[in-house]
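Read through the structure below, which is laid out as structure tokens, and then see the notes.
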Amino acid sequence: MDRDPVEALAKAAADGVEFDGLSARLDGERLHVATEGSTTTVAADGTLADLPAPLAASVTNWFYWDAIAPEQSAGRAFLRWLEGASEGEQSTVPERYDALETGVSREWGQLLLTARLADQGTRRYEVRHVDDQDVPISELAVKTALDDATAIARRDDRDRYRPLKTAPTLPRGWVFPDLGPDAVLSIVGELYPATIENWYREREGDLDVTHYREAAQRQTGRYQSVSELPSEALEWAAEACCVDPECLKRREWDETEDEVLDVPRGDGSFPCREPCSLFVAAAKEWTSLEDEATRTYEIELTPSERDQLEAIVDAVADGQTDQIREADLGAGANRYRARYLRAKRFEGDASGAFEMADGSDPSEEHTTE
Amino acid sequence: MPTLVVAAHGSHLNPASSRPAHEHARRLRATGAFDTVQPAFWKEQPHFREALRTVPSEEIYLVPLFISEGYFTEQVIPREFRLAGWSGWESDGTSAVAATLSAQDTAQTVHYCGPVGTHDAMSDVIVRRAESVTGDPDVGEGVGLAVVGHGTERNENSAKAVRYHADRIRARDRFGEVQALFMDEEPAVDDVTDYFESSDVVVVPLFIADGYHTQEDIPEDMGLTDDYRTGWDTPATVDGHRIWYAGAVGTEPLLAEVVAERAADAGAEVNDRLRTEPERSGDDTVSFC
Ligand code: SF4
Chain A
1 MDRDPVEALA
11 KAAADGVEFD
21 GLSARLDGER
31 LHVATEGSTT
41 TVAADGTLAD
51 LPAPLAASVT
61 NWFYWDAIAP
71 EQSAGRAFLR
81 WLEGASEGEQ
91 STVPERYDAL
101 ETGVSREWGQ
111 LLLTARLADQ
121 GTRRYEVRHV
131 DDQDVPISEL
141 AVKTALDDAT
151 AIARRDDRDR
161 YRPLKTAPTL
171 PRGWVFPDLG
181 PDAVLSIVGE
191 LYPATIENWY
201 REREGDLDVT
211 HYREAAQRQT
221 GRYQSVSELP
231 SEALEWAAEA
241 CCVDPECLKR
251 REWDETEDEV
261 LDVPRGDGSF
271 PCREPCSLFV
281 AAAKEWTSLE
291 DEATRTYEIE
301 LTPSERDQLE
311 AIVDAVADGQ
321 TDQIREADLG
331 AGANRYRARY
341 LRAKRFEGDA
351 SGAFEMADGS
361 DPSEEHTTE
Chain B
1001 MPTLVVAAHG
1011 SHLNPASSRP
1021 AHEHARRLRA
1031 TGAFDTVQPA
1041 FWKEQPHFRE
1051 ALRTVPSEEI
1061 YLVPLFISEG
1071 YFTEQVIPRE
1081 FRLAGWSGWE
1091 SDGTSAVAAT
1101 LSAQDTAQTV
1111 HYCGPVGTHD
1121 AMSDVIVRRA
1131 ESVTGDPDVG
1141 EGVGLAVVGH
1151 GTERNENSAK
1161 AVRYHADRIR
1171 ARDRFGEVQA
1181 LFMDEEPAVD
1191 DVTDYFESSD
1201 VVVVPLFIAD
1211 GYHTQEDIPE
1221 DMGLTDDYRT
1231 GWDTPATVDG
1241 HRIWYAGAVG
1251 TEPLLAEVVA
1261 ERAADAGAEV
1271 NDRLRTEPER
1281 SGDDTVSFC
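Going down the list, the sequences are from chains A and B.
Going letter by letter, the first sequence gives residues 1 to 369 in the numbering used here.
Going letter by letter, the second sequence gives residues 1001 to 1289 in the numbering used here.
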């Protein structure tokens, strides 16, 4: 810290300072400093050591937010929220400092963000996976650079590519232990792009939501067809892609402003303001699949086999297939059970597989692209 | 210092697609020539629609990490970035420089630059790619160079960009022969050895990122390998020629300078720090097989 906070405050106090319960006024060579319950006057060229502890805390707090924290509104609001200093939160600066001594944590998607107090009121920030909350730092890979965040966001714990950054599949095992205010904003922005900015817009009451029909209308080229997705299918699509187990954004868009989807929006901290590119790509697929007319099929299954088909669909839809143990033959989606079903019902002579109820060949009449 | 947004395609399926955007952004950040360097994507996040709100400056240089003028640079990017008043660059297909527009979403001033692929300095990146893949900083004499593109089927301007650079490099008289080849028109990359007399031929695809075309189609079409999954040698011998296949030119570190040049041409005050000796690509970037 180049300047003493008191010196900086004296300069600013010429115009009067009111911040987080601190008031300061310059009167010639005298600087009057007050918080609720404590008032003092020091020489304008005094130092922090001249102030009693609670006042010193308020002065370093002012200095941090005035001279060190970013001015940019979204990032600043986010850092204030992080330490419980948003508007409407009643804690005093000494109370906040007490909490910051041990660290104040908030969750942001799958991130656990912790603000701590460092030298002379400076804040330092830590970012880690929320499931690593209790893991000692020595057991985590220590990260420092923006590139590290890019790499973390790229693949999940199974080393699979993550096309949607807000999917709840962020890998574990890393920590950014000691970041300044600008760096923590960059890291969060890399892991969850534009979430801070959209959260801020929402808080300010000016989130620009683009509903599905409008977003679909905008599409051209290969995606032009998505405006034909039926309303009912849009519900299913949102249920497939946008619910909490699939995406941590809280869906704020609907079919149109007046036609609200029934699918739960999710509980995420940050909003989704329009269908994302992955959703639009999926919608393109479903638009073309919805073009097919339904047919009636006849298939012979035992009741257990019927239940098993359902179990397989559930396991695939919930991403549970690799959690079913090799020898857990009681589970419908067990691999051996599925192979058995395929051998019995879906292989060889067509008589076992699905048949059209009217006796025609089910492989005809597929709508293909 | 200027603020830079690099607009790239990205992919839902292939993590290599967005890598050049991230890596060039990292290189440009390291030069300190820009205040902020933010990649933005069509298929990834931050999306084109939301990228401008993540950069807190009032004036932005927006550089498309695309090879040619066409659908993406003329329709998708201006629409998704909400650039008011966009009516096209005055360009013959390879001559776009920049247009100054206002972003409806954020009221920022956006200097929308031509794509990196048509900048004159891209010829240098192609040559640098040939140097990297052969490991010879003086490569040229007695060596053939093929610049490879899609062809006209998808976009007329993409073929123009390929020919433009092939012509420029040919005029330098550095390589024994220079040819523009295409995936879906004549002269076709499949017949690469028919078009060269030189025994050594360097093949540089004018693509931004490695993916299906550069890592599957082209190597198989040229006969470098029967199955891209098993990889290929560099150089590989085909019909008595040694083919040095470079992979996508966009992964070459020098491309970062073209991004900066694009911003500078649009009026950005880019300081001299950029002019440091750029890193050279290692062998590991040549093929991901
Ligand atoms: S559209 Fe759905 S899946 Fe995409 S970001 Fe929004 S909530 Fe998530």
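Backbone N, C-alpha and C fix where the C-beta goes; we use that ideal spot for every residue, glycine too.
Keep in mind the model is a prediction, meaning the values are calculated, not measured.
| query | result |
| --- | --- |
| Compute the distance between the beta-carbons of Thr1094 (chain B) and Tyr1195 (chain B), then report whether it is under 9 Å. | no |
| What runs of the beta strand (DSSP E), each 3 residues or longer, lie entirely inside the segment 155-205 of chain A? | 174-179 |
| Would you decide whether Thr41 (chain A) is buried or exposed? Buried here means 16 or more other CB atoms lie within 10 Å of its CB. | exposed |
| Below 7 Å on C-beta distance, what does Arg154 (chain A) contact in chain B? | Pro1015 |
| Report whether the distance from the Cβ of Glu246 (chain A) to the nearest heavy atom of the ligand SF4 is below 8 Å. | yes |
| Tell me whether Arg3 (chain A) sits in a helix, a strand or coil according to DSSP, three-state version. | coil |
| Between the beta-carbon of Arg160 (chain A) and the beta-carbon of Thr150 (chain A), is there less than 9 Å? | no |
| The ligand SF4 and Ala238 (chain A): does the residue's C-beta get closer than 8 Å to at least one heavy atom of that ligand? | yes |
| Quick check: is the beta carbon of Asp4 (chain A) nearer than 9 Å to any beta carbon in chain B? | no |
| Looking only at C-alpha atoms, which of B:Pro1115, B:Thr1106, B:Ser1057 sits nearest to Tyr1071 (chain B)? | B:Pro1115 |
| Rounded to a whole number of angstroms, what is the C-alpha to C-alpha distance between Ala1256 (chain B) and Ser269 (chain A)? | 36 Å |
| Taking buried to mean at least 16 other C-beta atoms within 10 Å of its own C-beta, is Pro264 (chain A) buried or exposed? | exposed |
| Return the chain-ordered ranges of every alpha helix (DSSP H) run that is complete within the segment 1202-1229 of chain B and spans a minimum of 4 residues. | 1218-1221 |
| For Asp66 (chain A) and Val1259 (chain B), what's the separation of their Cα atoms in angstroms? | 35 Å |
| If you drop the 5 nearest sequence neighbours on each side, which residues of the same chain put their C-beta closer than 6 Å to that of Gly103 (chain A)? | Thr114, Arg116 |
| Between the segment 265-286 of chain A and chain B, which residues of the former have CB atoms less than 9 Å from a CB of the latter, in chain order? | Arg273, Glu274, Cys276, Ser277, Leu278, Ala281 |
| Are there three or more Cβ pairs, one per stretch, closer than 8 Å when the segment 248-257 of chain A is compared with the segment 210-222 of chain A? | yes |
| Measure the C-alpha to C-alpha separation of Lys11 (chain A) and Gly46 (chain A) and round it to an integer number of angstroms. | 12 Å |
| Do Pro275 (chain A) and the ligand SF4 come close, with the Cβ less than 8 Å from some heavy atom? | yes |
| Is His1111 (chain B) closer than 9 Å to Thr1118 (chain B) when the C-beta atoms are compared? | no |
| Going straight from the alpha carbon of Ala233 (chain A) to that of Glu190 (chain A), what length do you get? | 32 Å |
| Report yes or no: do three or more beta-carbon pairs, one from the segment 93-108 of chain A and one from the segment 52-71 of chain A, lie closer than 8 Å? | yes |
| Given a cut-off of 9 Å, decide if Leu48 (chain A) and Val6 (chain A) are closer than it, judged by their beta-carbon atoms. | yes |
| Can you pull the chain B residues whose beta carbon is under 7 Å from the beta carbon of Gly221 (chain A), in chain order? | Tyr1071 |
| Report the rounded CA-to-CA distance for Ala283 (chain A) versus Glu235 (chain A), giving the unit in angstroms. | 11 Å |
| My understanding is that Val995 (chain B) touches Ala1103 (chain B), with C-beta atoms under 8 Å, so please give their C-beta distance in whole angstroms. | No statement about residue 995 (chain B) is possible, as the shown extent of chain B runs from 1001 to 1289 and does not include it. |
| Comparing alpha-carbon positions, which option in A:Leu100, A:Tyr297, A:Asp148 lies nearest Leu82 (chain A)? | A:Leu100 |
| Name, please, each residue of chain A whose Cβ falls closer than 7 Å to the Cβ of Pro1056 (chain B). | Gln72 |
| Who are the neighbours of Lys165 (chain A) on chain B, taking C-beta pairs under 8 Å? | Glu1044, Gln1045 |
| Can you pull the chain B residues whose beta carbon is under 8 Å from the beta carbon of Glu197 (chain A), in chain order? | Glu1050, Arg1053, Thr1054 |
| From Val1229 (chain B) to Glu1044 (chain B), what does the alpha carbon distance come to, in whole angstroms? | Reading the sequence as shown, one finds Arg at residue 1229 (chain B) and not Val. Those two C-alpha atoms are separated by around 26 Å. |
| Which chain A residues sit within Cβ distance under 9 Å of His1012 (chain B)? | Tyr161, Pro163, Leu164, Ser277, Leu278, Ala281 |
| Taking 9 Å as the CB-CB cut-off, is Thr302 (chain A) touching chain B? | no |
| Closer than 9 Å, Cβ to any Cβ of chain B: which residues of the segment 327-350 of chain A, in chain order? | none |
| Say the cut is 8 Å; is the CB of Gly266 (chain A) nearer than that to a heavy atom of the ligand SF4? | yes |
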